[in-house]
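Novice:
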Amino acid sequence: MRFTMLPQVFAQMLKKPFTNKFPVKYVPRNTTKLLEAVGKGEVQIIPPIETPPNFRGKIQYDKEKCTGCQLCIRVCPSGAIEFKPEEKKIKIYLARCTFCSQCNDVCPVNCLSMSNEFLLADTDKYSKDLIVE
Amino acid sequence: MAEATTKTTYQIPIGPIHPALKEPVMFEFEISGERIVDVDVSLGHIHRTVEWTGMQRNPIQILYLAERICGICSYCHPIAFARAVEHACDIEVPERAWYLRVIQGELERICSHMLWAGVAAHEIGFDTVLYLTWQMREKALDLTEYLTGNRVTKAITMIGGVRRDITKDMLPKIHETLNYFKDNFEKLRHIFLDDKTIKMRSQGCGILTYDDALKLCAVGPTTRASGVKKDSRVDQAYFAYPDLDIDYMTPDKLTGEVNGDVYDRIIVRLLEVKQSIDLIEQCIDKMPSGEIVSEPKIPKLLATFKKTSGEGIGKHEAPRGEVFHYVKFNGESEKPYTWKVRAPTYNNILPWIPMLKDEQIADIPIVAASTDPCMSCTNRVAIIHNKKRTILDKEELHRFSVEKTRRLMK
């Protein structure tokens, strides 16, 4: 066989596409209108592929447990964590977070954890969704 | 004047940003007809001051910075850095971590070589193969995500070990992926090595001879494709590699001859994918139980760095060749006093010149891509004086060196 790719190409035509068509099958003309339609329940979104166990998504912070030891600030590679001295609590800017979960590992009271949430795109880096406190 | 009128060649600049190259590097070709007569490579278009940034941080933070030196080698750089710090601070790595580090390293090699194979097919205009190989690579990325928690920036390295263990319930998924690769390897081999289109474009093209590869210090698959037996996994015997069945992968293992052309580089990379699958299986069989990190308490580790005064080196065989990190601590702060990185592509730049000479213009993309270049990892210095970029030549560097010696003697 000189063109070894040919049988593979024909076999591929009969297979289902490998890609998950997230969020909808075709690119919408207008994204805002699509989001409105989804909000009203007119259009169904194709769900994203499930995240594996121990996935590193958006950080969750248990403020009650936090003792304000600032170890997480010492190890954070991107300087995403800010200390609030009057409360002795921390504030995490997710726009800077690199999702390495080093702060989770270093925390002596386990007040930080990683969730499965990963759809965090935003036009404003200081938006409410991107600040954990 | 006489020279100008008799000159029959013309010049073509390619780069720094060019659709044929995936990386910001500038080539200046001297062309006669379709034939390349001379090549000049100019670098320094993407200097990111990673080393300087690292010197303002402690080694735990640098692990994640080192990960971002290269997207594809996002395991090799932190692991080489961790080895350098372990060398400087005399940290012993537990035995289980050796095996876990090998598994992660080999998994990355599979990902990287598959990615390269797809890009190489794309460079010769065979995009169907690109999609096929990247579809297979997706399985390797899924496994990476399963083992480390993320697809690209793995964050698995820790100084003195690794951060995540492989438990018994993870083994079925690993075996499933490895079996998928074994089943599909023959298909991939058949497409890459028997197809007429790929053979036409890659055989006898971009030849790097054994002598040139030795003389120009090429590393990784580029040098092994020329028949040079150089592989730091075998030569340096680090991690669990001495316990595993591993050998230099040269193209004569498959075809019985060494040509040093692009086709041979494809063979070497495909053989290494197979070798990596085998190494991961061996590791899973032989892995002892025990600790995965020598010092789980990070504040203690930071105190160790602060006390350390000395230097260390770390090497690892990245998918593109040997990566080398140098670290020095001065005992005053937990931040390193110096951090130096040598990425494998640095050594693979000069071999481009003999490879590209006497080739045709249309062969430039595939020959340039055949060393799997990674420019942003390589660029370490840019000289800007009075807001103008300058290039230092040999004489100037020599003058600086003499001046520094005199300054120190005072």
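Protein chains in written order, with our numbering: chain R, 1 to 133; chain V, 1 to 410.
Using N, Cα and C, we set each Cβ at its ideal position, and we do this for glycine too.
G260(V) by DSSP, collapsed to three states: which one?
Specialist: Indexing the second sequence from 1 puts residue 260(V) at position 260. Of the three classes helix, strand and coil, the one that applies to G260(V) here is coil, per DSSP.
Novice: Closer than 8 Å is the cut-off here; do at least three beta carbon pairs connect the segment 359-366 of chain V with the segment 75-87 of chain V?
Specialist: The segment 359-366 of chain V is not in contact with the segment 75-87 of chain V.
Novice: In its own chain, which residues sit with a C-beta less than 7 Å from the C-beta of G265(V), not counting the 5 before and 5 after it?
Specialist: In the second sequence, counting from the first residue as 1, residue 265(V) sits at position 265. Per the sequence shown, the amino acid found at residue 265(V) is Arg instead of Gly. So the qualifying residues of the chain are P221, T222, A225, S370.
Novice: In its own chain, which residues sit with a C-beta less than 7 Å from the C-beta of Q203(V), not counting the 5 before and 5 after it?
Specialist: Translated into positions along the second sequence, residue 203(V) becomes position 203. D261, Y263.
Novice: Taking the alpha-carbon of V327(V) as reference, which of P319(V), Y337(V), E30(V) has the nearest alpha-carbon?
Specialist: Position 327 of the second sequence, counted from the first residue, corresponds to residue 327(V). It is Y337(V).
Novice: Let me know if T255(V) comes out buried or exposed under the rule of 16 or more other beta-carbons within 10 Å of its beta-carbon.
Specialist: To locate residue 255(V), count along the second sequence from 1; it is residue 255. Classification for T255(V): exposed.
Novice: Could you list the residues in the segment 166-191 of chain V with a C-beta less than 8 Å from some C-beta on chain R, going in chain order?
Specialist: Result list: K187, H190, I191.
Novice: Suppose contacts are defined by Cβ-Cβ distances below 8 Å. Is E86(V) in contact with I198(V) by that definition?
Specialist: Taking the second sequence and counting its residues from 1, the one referred to as residue 86(V) is at position 86. Taking the second sequence and counting its residues from 1, the one referred to as residue 198(V) is at position 198. Cβ atoms of E86(V) and I198(V): not closer than 8 Å.
Novice: Quick one: is K196(V) near chain R, going by C-beta distance under 8 Å?
Specialist: Locating residue 196(V) in the second sequence gives position 196, counting from the first residue. Yes - at least one Cβ of chain R is within 8 Å of the one on K196(V).
Novice: Between which two residues does the beta strand (DSSP E) holding Y131(V) run?
Specialist: Sequence index remark: in the second sequence, residue 131(V) carries index 131 (1-based). Per DSSP, Y131(V) belongs to no beta strand (DSSP E); it is in the alpha helix (DSSP H), 127-148.
Novice: Per DSSP, which one or two residues make a beta bridge with E390(V)?
Specialist: Translated into positions along the second sequence, residue 390(V) becomes position 390. Looking at the sequence itself, residue 390(V) is Thr, so the reference to Glu does not match. For T390(V), which the question treats as bridged, DSSP gives the partners I383(V).
Novice: Any heavy atom of the ligand MN within a distance shorter than 7 Å of the CB on P13(V)?
Specialist: As for the ligand MN, it is missing from this structure, which has no ligand bound.
Novice: Going by the beta-carbon positions, is the gap between A117(V) and F192(V) smaller than 8 Å?
Specialist: Residue numbering aside, residue 117(V) sits at position 117 when the second sequence is read from its first letter. Residue numbering aside, residue 192(V) sits at position 192 when the second sequence is read from its first letter. Their beta carbons are under 8 Å apart, which means A117(V) touches F192(V) by this criterion.
Novice: Compute the Euclidean distance between the alpha carbons of T177(V) and Q282(V), then round it to the nearest angstrom.
Specialist: Residue 177(V) sits at position 177 when you count from the first residue of the second sequence. Residue 282(V) sits at position 282 when you count from the first residue of the second sequence. If you take the alpha carbons of T177(V) and Q282(V), they lie about 15 Å apart.
Novice: Given this structure, state the Cα-to-Cα distance separating A382(V) from E395(V), to the nearest angstrom.
Specialist: For the purposes of this step, residue 382(V) is identified with residue 382 of the second sequence, where counting begins at 1. For the purposes of this step, residue 395(V) is identified with residue 395 of the second sequence, where counting begins at 1. Approximately 17 Å, taken between the alpha carbons.
Novice: Does the beta carbon of S115(R) sit closer than 8 Å to a beta carbon anywhere in chain V?
Specialist: Here residue 115(R) refers to the residue found at position 115 when the first sequence is read from its first residue. So no, S115(R) is outside the interface.
Novice: Is it buried or exposed, S113(R), if we count other Cβ atoms within 10 angstroms and call 16 or more buried?
Specialist: Stepping through the first sequence from its first residue, residue 113(R) is reached at position 113. When all chains shown are included, S113(R) counts as exposed.
Novice: Out of T148(V), D212(V), I277(V), V102(V), state which residue places its alpha-carbon closest to the alpha-carbon of N184(V).
Specialist: Counted from its first residue, the second sequence places residue 184(V) at position 184. It is I277(V) whose Cα lies nearest to the Cα of N184(V).
Novice: Below 8 Å, can you find three or more Cβ-Cβ pairs linking the segment 238-250 of chain V to the segment 283-295 of chain V?
Specialist: Enough Cβ pairs lie closer than 8 Å, so yes.
Novice: Provide the residue span of the beta strand (DSSP E) that contains D165(V), from first to last.
Specialist: Looking up residue 165(V) in the second sequence gives position 165. Where D165(V) is concerned, there is no enclosing beta strand (DSSP E), given that its DSSP letter is neither H nor E.
Novice: Quick one: which residues of the segment 90-103 of chain R get their C-beta closer than 8 Å to a C-beta of chain V? List them in chain order.
Specialist: If the cut-off is 8 Å between Cβ atoms, the segment 90-103 of chain R has T98, F99, C100, S101, Q102 near chain V.
Novice: Taking the beta carbon of W52(V) as the centre, do at least 16 other beta carbons fall within 10 Å, making it buried, or is it exposed?
Specialist: If you number the second sequence from 1, residue 52(V) lands on position 52. Classification of W52(V): exposed, given that the 10 Å Cβ count is below 16.
Novice: Are the C-beta atoms of N150(V) and some chain R residue less than 8 Å apart?
Specialist: Reading the second sequence from its first residue, position 150 is the one you call residue 150(V). Chain R, which has a Cβ nearer than 8 Å to the Cβ of N150(V), makes this yes.
Novice: I'd like the span of the alpha helix (DSSP H) that includes L6(R), first residue to last.
Specialist: Indexing the first sequence from 1 puts residue 6(R) at position 6. Run containing L6(R): 6-13, per the alpha helix (DSSP H) assignment.
Novice: Keeping to the same chain, check which residues put their C-beta closer than 6 Å to that of P365(V); ignore five residues upstream and five downstream.
Specialist: Stepping through the second sequence from its first residue, residue 365(V) is reached at position 365. Within the same chain, P365(V) has close Cβ partners A20, E123.
Novice: Find out if the Cβ-Cβ distance for the pair P94(V), F305(V) is shorter than 8 Å.
Specialist: Position 94 of the second sequence, counted from the first residue, corresponds to residue 94(V). Position 305 of the second sequence, counted from the first residue, corresponds to residue 305(V). Not a contact, by the Cβ cut-off of 8 Å.
Novice: Should H325(V) be labelled buried (16 or more other beta-carbon atoms within 10 Å of its own) or exposed?
Specialist: Working through the second sequence from its first residue, we reach residue 325(V) at position 325. So H325(V) counts as buried.
Novice: What do you get for A237(V), buried or exposed, if any count of 16 or more other CB atoms within 10 angstroms of its CB means buried?
Specialist: Reading the second sequence from its first residue, position 237 is the one you call residue 237(V). Classification for A237(V): exposed.
Novice: Please report the distance separating the alpha-carbon of L94(R) from that of R163(V).
Specialist: Numbered from 1 along the first sequence, position 94 holds the residue referred to as residue 94(R). Numbered from 1 along the second sequence, position 163 holds the residue referred to as residue 163(V). Taking the straight line joining both Cα atoms gives about 22 Å.
Novice: Given a cut-off of 8 Å on the beta-carbon distance, is the pair P351(V) and L208(V) in contact?
Specialist: Numbered from its first residue, the second sequence carries residue 351(V) at position 351. Numbered from its first residue, the second sequence carries residue 208(V) at position 208. Cβ distance < 8 Å, so P351(V) and L208(V) count as in contact.
Novice: Out of curiosity, what's the CA-to-CA distance linking K229(V) and V119(V)?
Specialist: On the second sequence, residue 229(V) is found 229 positions in, with the first residue counted as 1. On the second sequence, residue 119(V) is found 119 positions in, with the first residue counted as 1. Each residue's Cα considered, the two are about 26 Å apart.
Novice: Identify the contact partners of V327(V) in chain R, using a Cβ-Cβ distance below 9 Å as the criterion.
Specialist: Position 327 of the second sequence, counted from the start, is the residue given in the question as residue 327(V). Per Cβ cutoff of 9 Å: no residues; V327(V) is ~16 Å from chain R at best.
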